[in-house]
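*Asks:*
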């Protein structure tokens, strides 16, 4: 099967009797399949989908100097202006996951900003997306003869939400961003707190898998 745009046309080769080529305009059969929008407050990245993970950092920094970190205050959960960012339960899950990963890397969380070498903060956003799949089923055969009858195209439109979690690490002394990592995937409705905890932990582990980056040479 060959994928083509729904407004394309096909032109047959010349017929044996020498007549001018004839054109078959696709009959487009469009089925709109609208998925239920997922509540932003769950923000749990898709269970079966993989994460698209990226990171960026200042290559001039020696990351071995950072041994302690302080969490910057999370957004106020009573402020509804920033949508998913204000899910207090989600913020707590992210903090727990980050703490667990950084602890394994030998870092220590401190409760006083003055005692920290790094400041940690997170950002969450969700965007509505459309995925359009178009498949051409080609020409039919039978009473139309060798050239067949008109083919048709099946077009399916899926509506979904794409979620992104961003973790920023900031030098506590000069207040400059030194490292940023993100995980992106399709959102999925999670039925239980345990499922949400698991997915957030997986996203954080994926983001921090390559932290710290190679030491400055």
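In the numbering used here, the protein residues as written are 4 to 220. From the three backbone atoms N, C-alpha and C, an ideal C-beta is built for every residue, glycine too. A quick note: this is a predicted structure, and the numbers were derived from the prediction, not measured.
(1) Given a cut-off of 8 Å, decide if residue 97 and residue 181 are closer than it, judged by their beta-carbon atoms.
(2) I need the DSSP call for residue 54, collapsed to helix, strand or coil.
(3) Just the Cα atoms here: how many angstroms apart are residue 208 and residue 109?
(4) Could you pull the DSSP bridge partners for residue 130 from this structure?
(5) State the beta-bridge partners of residue 122 as determined by DSSP.
(6) Against chain C, does residue 90 count as a neighbour if the rule is that its beta carbon must be under 8 Å from one of theirs?
(7) Quick check: the Cα distance between residue 200 and residue 164, rounded to an integer number of angstroms?
(8) Could you check where the beta strand (DSSP E) with residue 68 kicks off and where it finishes?
(9) Restricting to Cα atoms, I'd like to know which of 91, 169, 128 is closest to residue 190.
(10) Which partner residues does residue 187 have in the DSSP bridge list?
(11) Give the DSSP bridge partners of residue 60, in chain order.
(12) Would you call the CB atoms of residue 173 and residue 121 closer than 8 Å?
(13) Are residue 184 and residue 58 closer than 8 Å when you measure CB to CB?
(14) If residue 54 and residue 187 are in contact, beta carbons under 8 Å, what's the gap, nearest whole angstrom?
(15) In the DSSP assignment, the alpha helix (DSSP H) including residue 102 goes from what residue to what residue?
(16) Using the C-alpha atoms, what's the distance from residue 159 back to residue 139?
(17) Hey, out of 105, 65, 156, 123, whose CA is closest to residue 212's CA?
*Replies:* Checking against the coordinates, here is how it stands:
(1) Residue 181 sits at position 178 when you count from the first residue of the chain shown. Residue 97 sits at position 94 when you count from the first residue of the chain shown. Residue 181 places its beta carbon 8 Å or farther from that of residue 97.
(2) As a first step, residue 54 is located in the chain shown; it is residue number 51 there, counting from the start. In the structure shown, residue 54 sits in coil (DSSP, three-state: anything other than H, G, I, E or B).
(3) By 1-based counting over the chain shown, the position of residue 208 is 205. By 1-based counting over the chain shown, the position of residue 109 is 106. Going from the Cα of residue 208 to the Cα of residue 109 covers about 15 Å.
(4) Along the chain shown, one-based indexing puts residue 130 at 127. Paired residue(s): 165.
(5) Reading the chain shown from its first residue, position 119 is the one you call residue 122. Paired residue(s): 73, 173.
(6) The structure shown contains no chain C, having only a single protein chain.
(7) Locating residue 200 in the chain shown gives position 197, counting from the first residue. Locating residue 164 in the chain shown gives position 161, counting from the first residue. CA-CA distance, residue 200 to residue 164, rounds to 19 Å.
(8) What you label residue 68 is simply residue 65 of the chain shown in a count that begins at 1. Per DSSP, residue 68 belongs to no beta strand (DSSP E) and is neither H nor E.
(9) If you number the chain shown from 1, residue 190 lands on position 187. Nearest of 91, 169, 128 to residue 190, Cα basis: 128.
(10) Along the chain shown, one-based indexing puts residue 187 at 184. Residue 187 pairs with 55, 167.
(11) Numbered from its first residue, the chain shown carries residue 60 at position 57. DSSP output for residue 60 lists 182 as bridge partner(s).
(12) Residue 173 sits at position 170 when you count from the first residue of the chain shown. Residue 121 sits at position 118 when you count from the first residue of the chain shown. Here residue 173 is near residue 121, since their CB atoms are less than 8 Å apart.
(13) Looking up residue 184 in the chain shown gives position 181. Looking up residue 58 in the chain shown gives position 55. Yes, the Cβ-Cβ distance between residue 184 and residue 58 is below 8 Å.
(14) As a working mapping, residue 54 is identified with position 51 in the chain shown. As a working mapping, residue 187 is identified with position 184 in the chain shown. Approximately 7 Å separates the beta-carbon atoms of residue 54 and residue 187; this is inside 8 Å, confirming the contact.
(15) Locating residue 102 in the chain shown gives position 99, where the first residue counts as 1. Start and end: 91-107.
(16) Here the question's residue 139 lines up with position 136 in the chain shown. Here the question's residue 159 lines up with position 156 in the chain shown. Their Cα atoms are separated by approximately 12 Å.
(17) In the chain shown, residue 212 corresponds to position 209, counting from 1. Checking every option, the nearest Cα to that of residue 212 belongs to 105.
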